[in-house]
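Novice: Residue numbers (my numbering): 150 to 365. Backbone N, C-alpha and C define an ideal beta-carbon position, used for all residues, glycine too. Keep in mind it's a predicted model, so treat the numbers as computed, not measured. My questions all concern the structure below.
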């Protein structure tokens, strides 16, 4: 237990340092470049280099500190959100997703062996799904309901948080790539993630039915 607490504390400390560096240092660097080279920042290549360099750079720093690279990329995104290039970077990322997103999900799907689906324990899948749903609905819905002083609005937030997406896929992918997760467990997790993605819009739609009926 002591080693787990120490590792958790170190990870949180490094994450905080990384976040502070991204939020407070990265925008100043971007602003400094903007003042030194005001015309070159309008060039497409500079915008792309800034976005990609920041993401990969902070991802590398996070990896060197023993954190997941996606944590570093996320911190870089938070830092760039406060810079003068945020609008241009968002536009570039939107274009980049057209290419990267299909490749990402293709890689995730390539790790799923359809032959193992018949061997999946249905009770195990439903148990994990129940934990995934309840942990989000209760963990996010109850605090939101207390803060907003509205049970319906609070649980809508809880329903909206149910879906597991890219981060869950990445974490599962790291697990199978490192040999920690067997393929059968990976297939189970992918099925649970896909189920949460399907369930979320259904629950959200039902949560708005009462308001929609009152307005009609």
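To the nearest angstrom, report how far apart residue 307 and residue 284 are at their CA atoms.
Specialist: Spanning the two alpha carbons is a distance of roughly 9 Å.
Novice: Give, in chain order, every unbroken run of the alpha helix (DSSP H) that is at least 4 residues long and sits entirely within the region 202 to 239.
Specialist: Within the region 202 to 239, the complete alpha helix (DSSP H) runs of at least 4 residues are 218 to 229.
Novice: Please report the straight-line C-alpha distance between residue 333 and residue 222, rounded to a whole angstrom.
Specialist: So the alpha carbons of these two residues sit roughly 30 Å apart.
Novice: In whole angstroms, give me the CA-to-CA distance for residue 275 and residue 206.
Specialist: Between residue 275 and residue 206, the C-alpha separation is close to 40 Å.
Novice: Where does residue 288 fall in DSSP's three states?
Specialist: Helix.
Novice: Quick check: what's the CA-CA separation for residue 353 versus residue 305?
Specialist: Answer to the nearest angstrom: the Cα atoms are 6 Å apart.
Novice: Within 10 Å of its beta-carbon, does residue 155 have 16 or more other beta-carbons around it, so buried, or fewer, so exposed?
Specialist: Classification of residue 155: exposed, given that the 10 Å Cβ count is below 16.
Novice: Below 8 Å on the Cβ atoms is my contact criterion, and I expect residue 241 with residue 197 to pass it. Report the Cβ-Cβ distance as a whole number of Å.
Specialist: Confirmed, Cβ separation roughly 6 Å.
Novice: In or out: residue 345 buried (at least 16 other Cβ within 10 Å) or exposed?
Specialist: Buried is the call here.
Novice: Quick one, which of 325, 172 and 181 has its alpha-carbon nearest residue 260's?
Specialist: If we check each option's Cα against that of residue 260, 325 comes out closest.
Novice: Can you give the Cα-Cα distance for residue 268 and residue 245, rounded to whole angstroms?
Specialist: When rounded, the distance between both Cα atoms is 37 Å.
Novice: Hey, residue 320 and residue 262: beta-carbon distance below 8 Å or not?
Specialist: No.
Novice: Determine the extent of the alpha helix (DSSP H) in which residue 323 is found, giving its start and end residues.
Specialist: Element bounds for residue 323: 315 to 326.
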